[in-house]
Amino acid sequence: MPGPGKMRKPDIKLVILGDMNVGKTSLLHRYTERCFKDTLSTVGGAFFLKQWGPYNISIWDTAGREQFHGLGSMYCRGAAAIILTYDVTNWQSLVELEERFLALTDSANSDCIFAVAGNKADLTDVQAQALTPEGVGPEEGGGVGITPHPSCPTPPASPTTVHKQVSREDAIALYSRIVRYRAMDEESSPPAERMCFETSAKTGYNVDTLFETLFELVLPSILKKRSERDSPTVDLDGSHDEVKSKKAQCCV
Ligand SMILES: Nc1nc2c(ncn2[C@@H]2O[C@H](COP(=O)(O)OP(=O)(O)O)[C@@H](O)[C@H]2O)c(=O)[nH]1
Ligand SMILES: [Mg+2]
Numbered sequence: 520m521p522g523p524g525k526m527r528k529p530d531i532k533l534v535i536l537g538d539m540n541v542g543k544t545s546l547l548h549r550y551t552e553r554c555f556k557d558t559l560s561t562v563g564g565a566f567f568l569k570q571w572g573p574y575n576i577s578i579w580d581t582a583g584r585e586q587f588h589g590l591g592s593m594y595c596r597g598a599a600a601i602i603l604t605y606d607v608t609n610w611q612s613l614v615e616l617e618e619r620f621l622a623l624t625d626s627a628n629s630d631c632i633f634a635v636a637g638n639k640a641d642l643t644d645v646q647a648q649a650l651t652p653e654g655v656g657p658e659e660g661g662g663v664g665i666t667p668h669p670s671c672p673t674p675p676a677s678p679t680t681v682h683k684q685v686s687r688e689d690a691i692a693l694y695s696r697i698v699r700y701r702a703m704d705e706e707s708s709p710p711a712e713r714m715c716f717e718t719s720a721k722t723g724y725n726v727d728t729l730f731e732t733l734f735e736l737v738l739p740s741i742l743k744k745r746s747e748r749d750s751p752t753v754d755l756d757g758s759h760d761e762v763k764s765k766k767a768q769c770c771v
């Protein structure tokens, strides 16, 4: 384990994927900075290291490159968890997840955990408009409250609602197709209902629940990785350290 003062090493990689403008950067910002800004640039915010208890989780945003259709599979390489994000007011954003983004997950870990997040729920659901402590909904059962950042007040949610184009059932059906695509063990995978979230980066609705549900589910992978790292291993070809140092250079 790294000692104090040393650069923290990520235990696990989490990737946020989805079409442009669905709110990926805003979700990450809400979770890490506890606030929402109407205009956020993704540039420079592509990688975030989040300390979760004693663990370090690297969260990868897609740096705005999603618009160029050239988003490499490198984003998902070695990912232990992926959030596939769509906009509840935009049907096409759900379609794109399956047509464009799912293939990018081929390079993720074979036991990668998936969540589907329908963002901008404040636009369609009155429940998601309230700026209340997150995670007290009936099925969530206790989360961490949103503490607004003093220098970053959250703008009030619009009091009106617009037409919801993607239902939760549509998202659940997509999740089931992801399970099949990834050939995940349906018996041992978490149920689709648990892994589909409707969120609002604007009000904080369900945002902590989304990230923390994933963190809890990847905990076994973190512990496995740590025990592999800590236990003395036989280096069969002697190249292990070299590979490790090359990786460290390219993953800043
Ligand atoms: N109403 C509402 N707007 C949002 C929400 N999340 C993001 N937005 C807005 O949607 C636009 C795109 O957000 P951004 O985070 O840059 O999307 P990205 O391209 O997926 O990273 C911005 O104008 C945001 O202010 C949300 O939860 N509710
Ligand atoms: Mg962005």
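Number 771 marks the last residue of the sequence shown (my numbering); no jumps.
Ideal placement from N, C-alpha and C gives every residue a C-beta, glycine not left out.
> Does DSSP put residue 650 in a helix, in a strand, or in coil?
Replying inline: Your numbering for residue 650 matches position 131 in the sequence shown. In the structure shown, residue 650 falls within a coil segment according to DSSP collapsed to helix, strand and coil.
> ligand 1 heavy atoms versus the CB of residue 612: any closer than 7 Å?
Replying inline: Counting from one through the sequence shown, the residue named residue 612 turns up at place 93. No, the Cβ of residue 612 stays beyond 7 Å of every heavy atom of ligand 1.
> Distance, Cα to Cα, residue 579 vs residue 732?
Replying inline: As a first step, residue 579 is located in the sequence shown; it is residue number 60 there, counting from the start. As a first step, residue 732 is located in the sequence shown; it is residue number 213 there, counting from the start. Looking at the two C-alpha atoms, the distance is approximately 17 Å.
> Looking at the unbroken alpha helix (DSSP H) that takes in residue 692, where does it start and where does it end?
Replying inline: Counted from its first residue, the sequence shown places residue 692 at position 173. 687-700 is the extent of the alpha helix (DSSP H) around residue 692.
> With 16 as the cutoff for other CB atoms within 10 Å, does residue 761 come out buried or exposed?
Replying inline: Within the sequence shown, residue 761 is the residue found at index 242, counting from 1. Bear in mind that the predicted position of residue 761 carries a pLDDT of just 40, short of 50, making it unreliable; the figure below should be weighed with that in mind. So residue 761 counts as exposed.
>> Could you tell me the alpha carbon to alpha carbon distance between residue 556 and residue 548, rounded to whole angstroms?
In response: Position 37 of the sequence shown holds residue 556. Position 29 of the sequence shown holds residue 548. Distance between the alpha carbons of residue 556 and residue 548 is about 9 Å.
> Whose C-alpha, out of 533, 642, 727, is nearest the C-alpha of residue 777?
Replying inline: No information on residue 777 is available, as it lies outside the stretch 520 to 771 that the chain covers here.
> Taking the C-alpha atoms as reference points, what is the distance between residue 716 and residue 637?
Replying inline: Working through the sequence shown from its first residue, we reach residue 716 at position 197. Working through the sequence shown from its first residue, we reach residue 637 at position 118. Near 6 Å, if we compare the C-alpha coordinates of residue 637 and residue 716.
> What do you reckon, are the CB atoms on residue 708 and residue 698 nearer than 8 Å?
Replying inline: In the sequence shown, counting from the first residue as 1, residue 708 sits at position 189. In the sequence shown, counting from the first residue as 1, residue 698 sits at position 179. Yes, Cβ-Cβ distance for residue 708 and residue 698 is below 8 Å.
>> Report the CB separation of residue 729 from residue 718 in whole angstroms; it is logged as a contact under 8 Å.
In response: On the sequence shown, position 210 is the one that residue 729 refers to. On the sequence shown, position 199 is the one that residue 718 refers to. Contact holds; Cβ gap of about 6 Å.
> To the nearest angstrom, how far is it from the Cα of residue 551 to the Cα of residue 649?
Replying inline: Position 32 of the sequence shown, counted from the first residue, corresponds to residue 551. Position 130 of the sequence shown, counted from the first residue, corresponds to residue 649. In a straight line, the C-alpha of residue 551 is about 20 Å away from that of residue 649.
> Would you call the CB atoms of residue 595 and residue 565 closer than 8 Å?
Replying inline: For the purposes of this step, residue 595 is taken as residue 76 along the sequence shown, with counting starting at 1. For the purposes of this step, residue 565 is taken as residue 46 along the sequence shown, with counting starting at 1. In this structure, residue 565 does not lie closer than 8 Å to residue 595 by Cβ.
> With a Cβ-Cβ cutoff of 8 Å, do residue 542 and residue 641 count as a contact?
Replying inline: Start at 1 with the first residue of the sequence shown, and residue 542 comes out as number 23. Start at 1 with the first residue of the sequence shown, and residue 641 comes out as number 122. No, these two residues do not count as a Cβ contact at 8 Å.
>> Could you tell me the alpha carbon to alpha carbon distance between residue 632 and residue 741, rounded to whole angstroms?
In response: Residue 632 sits at position 113 when you count from the first residue of the sequence shown. Residue 741 sits at position 222 when you count from the first residue of the sequence shown. Cα to Cα, residue 632 sits roughly 12 Å from residue 741.
>> Short of 7 Å in beta carbon distance, which residues of its chain neighbour residue 645, apart from the five on each side in sequence? Order them along the chain.
In response: Position 126 of the sequence shown, counting from 1, holds the residue named residue 645. Close CB contacts of residue 645 within its chain, under the 7 Å cut and outside five residues either way in sequence, are with 680 (chain order).
> On the premise that residue 582 lies in contact with residue 531, defined as a C-beta separation below 8 Å, what is that separation, rounded to the nearest angstrom?
Replying inline: Indexing the sequence shown from 1 puts residue 531 at position 12. Indexing the sequence shown from 1 puts residue 582 at position 63. Incorrect: roughly 20 Å between the Cβ atoms, too far for contact.
>> For residue 612, report the span of its alpha helix (DSSP H) as first-last.
In response: Reading the sequence shown from its first residue, position 93 is the one you call residue 612. Residue 612 -> alpha helix (DSSP H) spans 610-615.
> Sorted by chain position, which residues of the same chain lie with C-beta nearer than 7 Å to residue 615's C-beta, five sequence neighbours on each side aside?
Replying inline: Numbered from 1 along the sequence shown, position 96 holds the residue referred to as residue 615. Cβ neighbours of residue 615 beyond the five flanking positions: 538.
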